[in-house]
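Notes for the one structure printed next.
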Amino acid sequence: MAIVTTSKKACSVNPLKMSQPIGGSFAFMGLRGAMPLLHGPQGCTSFGLTLFVRHFNEPVPMQTTAMSEVATVLGGHENLEQAILNIYNRVEPEIIGINSTGVTETNGDDVEAFIRLIRQKHPQLEKLPLVYVSTPDFKDAFQDGWGKTVARMIEVLVAPVDAARPRDASRVNVLPGCHLTPGDLDELRTIIEDFGLKPSFLPDLAGSLDGHIPDEFTPTTIGGIAVDEIATMGQAAWTIAIGAQMRRAAETMQAQTGTPFRLFERLCGLIPNDEFIAFLSQISGRSVPSKYRRQRGQLADAMLDAHFHIGARKLAIGAEPDLLFDLSSFLHEMGAQVTAAVTTTNSPVLQRVRSEDVLIGDLEDLEELARSRDCGLLMSHSHGRQAASRLNVPFFRVGFPLFDRLGAAHLTTVGYRGTRDLIFDIANLIITDRETNHGPTPDTWRSTSGDLQVDPPQLH
Amino acid sequence: MTSLPTTIQDVFNEPGCARNASKSKVERKNGCTKQLKPGGAAGGCAFDGAKVALQPFTDVAHLVHGPIACEGNSWDNRGSVSSGSDLWRRSFTTDMSETDIVFGGEKRLYRAVKEITEKYNPQAIFVYQTCVPAMIGDDIDMVCKAASAKFGKPVIPINSPGFVGSKNLGNKLAGEALLEHVIGTGEPDYTTSYDINIIGEYNLSGELWQIKPLLDELGIRILSCISGNGKYREVAYSHRAKAAMMVCSRAMINVARKMRQRYGIPFFEGSFYGVEDTSDSLRQIARMLIESGAPAELMERTQALIAREETKAWAAIERFKPRFAGKRVVLITGGVKSWSMVAALQEAGLEMVGTSVKKSTKKDKERIKELMGQHAHMIEDMSPREIYKMLKDAKADIMLSGGKSQFVALKAAMPWLDINQERCHAYMGYVGIIKLMEEIEKALYNPIWDQLRQAAPWDEFDRKRQARTVAQMHAQTADPIRDVSKNGVNAISFSNQSEASNCESAIAAHGPNLDEPAKPCTNSSGLCVACKDIRSDLQPPALQAAE
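From first to last, the protein sequence lines stand for chains F and X.
So the first sequence is residues 6 to 465, counted in my numbering.
So the second sequence is residues -13 to 533, counted in my numbering.
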């Protein structure tokens, strides 16, 4: 049981956290023909947009209601109306996904009421789905914005089901957390399809932000799950939710359509994937394909090969709760010691992190903890790079954003195969570090004190 | 201390701005930039602009007072380079919570300044105001004043909340903050007749260091650079310079003009991009310094250096001529400064076939005609879709633009080069222009383009197959009994709705023995199980058992 504490600092230094509204917009990016819209000043969108573009190296659709100081005083109704009409006329979206920001929440804009008024006034918008989610900047974090937005999509977009009609046994809904990459989603899609099941991913970032090249330039998202497919998700036999942040969405689905769900808090590691594959075998009634029996063996072998390097390594990790829980648990199962754990927001999984304590804090906290507790491996999103270079420890980039390396969309950590590759990547990083920074010298074992130095600190 | 609305009006009245001078009184009052269009805007906010302009000061702690979005979503995203302190790259924010919104954030801000002082002891702290605390009435001026008195170091309020306007306005408000609180508050150890300020230069990718050796050789000292690789103390004594060069006019013209007004420092607007502009700027600097009292021999030395460097540069450019002959360039950029590269690119043999004129004035357009010739295509307001089509139809060989439009080019399998702030190479001065040409050459002649423009081979198969299926369907309509065993297909893949037919047709094309797996049946990485099932149905029982 980890003790969860919150930083008492007045000044957050080198933030780990990103804001909730862009987490919401991110979720809308997994819908086909979508235009995410932030109701707030244009900077909110501009910063978010830049972050997504740098992470994915992809064009990213995102718009703003461009609230000015005057508009803020007068209320945001007119700006929202103009924004929706402009988007509707210019880019013909299949859906507009609206998230509020700090400014419009402080102002108390009643966006649901605005939308009703706008619909009354402009009957041409009748068929255009408008999903609004309240996501103030000054509360919660990125993954909360994602979770709330997906839950709201289900409320608004999933059609009611006829209880008398049997469910489609071959269909499963997948509600992935925002910590899964397009690569992860593709891996899950393959696995689920291999059991003869038809998955519907909500949202489906693999459809929109996997880096494919379209024939035509499109101002909205260029793939992802379609609105009419979402409408039919109530017919599925099962919902698979991935990450504790998706519990709310899965519960919403169950309450609304009766579709039962199974929550997988983790999909990285041997045991979690055994559970996942067993579950698929169970609900599909098919035996596990030989491909996965082989992949399981490969993972087991990778664990054997890499445990020499990862075992007993002191890990410092900074990530959003679900990613933190997944990766730190897995590395703990590989023999690493989770020595410093910092996260962004509260979550029920934090207490179960295999560490003495978890701090809701920033990257300055992580850097200090890693230094004082002598960590030999740092994991966080790209913003951890400065800390890693000051600490001079191997740095594994994971999560969002990854803006200083390529291929962020395809970093895969789920499934037997994803876990296997992750093990090799981390072990190789450690080996490289040992070769470049910790080669033995004639003086390595020369003792300056009287104590026996079996394992001097510089030889990790 | 002036109020924010007064400062903004003052900035809008900027007489030094050429575009402003050509406006009517009413237009001027409306401000520099177009009214933002909800649902159709893409730019940064005033806070963004202020931060961009000031962040390159290296020994200052930049503290953002606001909810996490403003700093958490944006920090460490600029390519400026420091030769000293790394403090500027660290990020400080009050990360306001709901409680702060309800009770006011001033106390938290004060405590944040205290924490930074204790932990990092910076030369100064810049406190950036953002929308939410501005709305609830947090008075950052007062907090900064109190903190400054208490901790005995400059704590400077940067009053530029995002919703007051555009990024460009933010640049200028940042300048106003420097003028009001920093410039003129310090004294240099010594002065010389060769001291200059460079205003609006951010040392992106270390560009300043492509110029500094030339200035060093001439004995010219950069007294203060605002703000690339700048130090707080240097800005504080920048009013002792003898002349100033303004590099990015849109950003900080108010600083240059007011420094001339207050301290009599003459300035000119110049650029270090391209051979001729670099030479012109060096000459201008020398001329202004001489007018301010430097010995006249400076000009001779400057001319000699220019002659030497130009000879080297043109010789180096010679190499690119055969490689660039007949290659056509589209230039999409807001800044006038990039045009100064045009002359050099043309000299190297590139043909400029189009440029954006969205942000240009009438005078600018005349200059474009002059530079590019009458035939240059002026893109007034082209949608990304149209630019994409233009590039895809290969009306150009390479596009040079800022990062925002990169995918329009790249997704059309068209060479592209970043010439705006996010770029990772330095293009200034005589060295820089050669580097730019190397990069253009690298982009143009990369072997990937030919491969990417080729369609996948099965696209052709698909077309043929489709024709055959149509023919078959016609035949079947004639023959009412459908012969299923003929191609063995009795199930349809459902792996992906949009491509549902591919699987079936792939198997149909390969026939039932299937040496080749039917790969393109699904968007995901492996085989779709439906096709696999179809195949296993077709395999002999012995093989199935072995699997």
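Quick reminder that beta carbons are idealized off the backbone N, C-alpha and C, glycines included.
Quick caveat: nothing in here was measured; it's all calculated off a predicted structure.
Chain F contacts made by the region 183 to 213 of chain X, where a contact means CB separation under 8 angstroms
Only those residues of the region 183 to 213 of chain X whose C-beta falls short of 8 angstroms from the nearest C-beta of chain F would be listed, and there are none.
Quick one: does residue 222 of chain F have its CB under 8 angstroms from some CB of chain X?
Residue 222 of chain F counts as touching chain X.
Could you tell me the distance, in whole angstroms, from the CA atom of residue 301 of chain X to the CA atom of residue 336 of chain F?
Rounded to whole angstroms, residue 301 of chain X to residue 336 of chain F spans 58 angstroms at the Cα level.
From this set, X:219, X:398, X:306, X:152, which residue's C-alpha is nearest residue 109 of chain X's C-alpha?
The shortest Cα separation from residue 109 of chain X among X:219, X:398, X:306, X:152 belongs to X:219.
Rounded to whole angstroms, what is the Cα-Cα separation between residue 148 of chain F and residue 462 of chain X?
Whole-angstrom Cα-Cα distance: 55 angstroms.
Spell out whether any CB of chain F is found under 8 angstroms from the CB atom of residue 130 of chain X.
False, the Cβ-Cβ gap to chain F never drops below 8 angstroms.
Alpha helix (DSSP H) segment containing residue 203 of chain F, residue limits
For residue 203 of chain F, no alpha helix (DSSP H) run applies; the uninterrupted beta strand (DSSP E) run containing it begins and ends at 203 to 206, by DSSP.
Can you give the Cα-Cα distance for residue 280 of chain F and residue 421 of chain F, rounded to whole angstroms?
Between the alpha carbons of residue 280 of chain F and residue 421 of chain F lies a gap of roughly 11 angstroms.
Given a threshold of 16 other Cβ atoms within 10 Å of its Cβ, counted over all protein chains shown, does residue 223 of chain X qualify as buried or as exposed?
Buried is the call here.
How many angstroms separate the CA atom of residue 123 of chain F from the CA atom of residue 24 of chain X?
Residue 123 of chain F and residue 24 of chain X: Cα-Cα distance of roughly 15 angstroms.
On the DSSP letters alone, give me the boundaries of the beta strand (DSSP E) that residue 315 of chain X sits inside.
Where residue 315 of chain X is concerned, the enclosing beta strand (DSSP E) stretches over 314 to 318.
Return no unless some Cβ of chain X is closer than 8 angstroms to the Cβ of residue 26 of chain F.
Taking Cβ atoms only, chain X reaches closer than 8 angstroms to residue 26 of chain F, which makes this a yes.
For a minimum of 3 consecutive residues, which ranges assigned as the beta strand (DSSP E) are wholly contained in the region 296 to 336 of chain F?
As far as the region 296 to 336 of chain F is concerned, its whole beta strand (DSSP E) runs of at least 3 residues are 319 to 323.
Identity of the residues DSSP links to residue 66 of chain X by a beta bridge
Answer is X:190, bridged to residue 66 of chain X.
Whole beta strand (DSSP E) elements within the region 347 to 414 of chain F, 3-residue minimum
Fully enclosed beta strand (DSSP E) runs of 3 or longer: 362 to 365, 382 to 385, 400 to 402.
Buried/exposed call for residue 342 of chain X, threshold 16 Cβ in 10 Å
Residue 342 of chain X counts as buried, since at least 16 other C-beta atoms from the protein chains shown sit within 10 angstroms of its C-beta.
Use the C-beta contact count for residue 175 of chain X: other C-beta atoms within 10 angstroms, 16 or more gives buried, fewer gives exposed.
It counts as exposed.
Which of the three DSSP states is assigned to residue 456 of chain F in this structure?
Looking at residue 456 of chain F - three-state DSSP - the assignment turns out to be coil, as it is neither helix nor strand.
Pick out whichever of F:324, F:86, F:375 has its Cα sitting closest to the Cα of residue 128 of chain F.
With distances taken between Cα atoms, residue 128 of chain F lies closest to F:86.
Would you mind reading off the limits of the beta strand (DSSP E) that contains residue 135 of chain F?
Residue 135 of chain F: member of the beta strand (DSSP E) spanning 135 to 138, first to last residue.
Note down, in chain order, every chain F residue with its Cβ under 8 angstroms from the Cβ of residue 280 of chain X.
Chain F residues near residue 280 of chain X: none, gap ~42 angstroms exceeds 8 angstroms.
Give the range of the alpha helix (DSSP H) segment to which residue 59 of chain F is assigned.
Its alpha helix (DSSP H) spans residues 47 to 61.
So with Cβ pairs under 8 angstroms, would you call residue 136 of chain X a contact of chain F?
With 8 angstroms as the cut-off, residue 136 of chain X does not count as an interface residue toward chain F.
Between residue 79 of chain X and residue 17 of chain F, how many whole angstroms is the CB-CB distance? I'm expecting something under 8 angstroms.
Indeed, because the Cβ distance is near 5 angstroms, the residues count as touching under 8 angstroms.
Do the region 36 to 45 of chain F and the region 94 to 111 of chain F make contact, defined as three or more Cβ pairs closer than 8 angstroms?
The count of Cβ pairs closer than 8 angstroms, one atom from the region 36 to 45 of chain F and one from the region 94 to 111 of chain F, reaches three, so the stretches are in contact.
Using a Cβ cut-off of 8 angstroms, pull out every chain F residue sitting near residue 121 of chain X, in sequence order please.
Scanning chain F for C-beta atoms nearer than 8 angstroms to the C-beta of residue 121 of chain X yields 77, 108, 111, 112, reported in chain order.
Can you confirm whether residue 269 of chain F, when its beta carbon is compared against all beta carbons of chain X, has any partner nearer than 8 angstroms?
It does not; no Cβ of chain X falls within 8 angstroms.
Can you tell me which of F:21, F:15, F:188, F:10 puts its alpha carbon nearest to the alpha carbon of residue 389 of chain F?
Out of F:21, F:15, F:188, F:10, the CA that lies nearest to the CA of residue 389 of chain F is found in F:21.
Of all Cβ atoms in chain X, is any one closer than 8 angstroms to the Cβ of residue 23 of chain F?
Yes, its Cβ sits closer than 8 angstroms to a Cβ of chain X.
I need the straight-line Cα distance from residue 279 of chain X to residue -2 of chain X, nearest angstrom please.
Using only the alpha carbons, I get a separation of about 34 angstroms.
Whole-angstrom C-beta distance between residue 357 of chain X and residue 328 of chain X, which should lie under 8 angstroms:
The beta-carbon distance between residue 328 of chain X and residue 357 of chain X, rounded to whole angstroms, is 5 angstroms. This is short enough to meet the 8 angstroms contact definition.
Using a Cβ-Cβ cut-off of 8 angstroms (strictly less than) and excluding sequence neighbours within five positions of residue 270 of chain X, which residues of its own chain qualify?
Correct list, in chain order: 231, 254, 256.
Going by DSSP in three states, residue 258 of chain F sits in which element: helix, strand or coil?
Of the three classes helix, strand and coil, the one that applies to residue 258 of chain F here is helix, per DSSP.
Residues near residue 246 of chain X by beta carbon distance below 7 angstroms, same chain, minus five either side
Closer than 7 angstroms at Cβ, skipping near neighbours: 252, 253.
What separation, rounded to the nearest whole angstrom, lies between the Cα atoms of residue 442 of chain X and residue 375 of chain X?
Computed Cα separation, rounded: 20 angstroms.
Following the continuous beta strand (DSSP E) through residue 402 of chain X, name the residue where it begins and the one where it ends.
Residue 402 of chain X -> beta strand (DSSP E) spans 402 to 404.
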